[in-house]
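In the UniProt record's numbering, the protein residues as written are 1 to 98.
Cβ atoms here follow ideal geometry from the backbone N, Cα and C, with glycine treated the same way.
A quick note: this is a predicted structure, and the numbers were derived from the prediction, not measured.
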């Protein structure tokens, strides 16, 4: 409640004592940023205007791209991994030559 945002906290325990080292706003995905903003409004911690300002336009753009359903992803067989060139998902034949 104090920071009115999700926090990433660092702490240590020495000789049975808990020491808080630092805290900062936590990193989040676009979907998580939107959910946190809505939850904070629902809990009365921030206004709707503040919530809108907390979600970056680029984050909203990434939410508009097609995505695979989470339950279908669990059923799928992973055939490779890599870094996404853009947000979203696509399905078609894989071609390795011109």
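May I ask which residues mark the beginning and end of the alpha helix (DSSP H) holding residue 54?
Looking at the DSSP string, the run of the alpha helix (DSSP H) that includes residue 54 is 48-54.
I'd like to confirm the pairing. Which residues does DSSP put opposite residue 67 in its beta bridges?
Looking at the DSSP assignment, residue 67 forms no beta bridge with any residue, so it has no partner.
So if DSSP puts residue 72 in a beta bridge, which residue, or which two residues, is it bridged to?
Residue 72 is not bridged to any residue.
Here's a check: name, in chain order, each residue in its chain whose Cβ is nearer than 8 Å to the Cβ of residue 7, leaving out the five neighbours to either side.
Same-chain partners within the cutoff: 23, 24, 25 and 26.
Helix, strand or coil for residue 39? Go by DSSP, reduced to three states.
Three-state DSSP puts residue 39 in a helix.
Where DSSP assigns a beta bridge to residue 20, which residues make up the other side?
Answer is 11.
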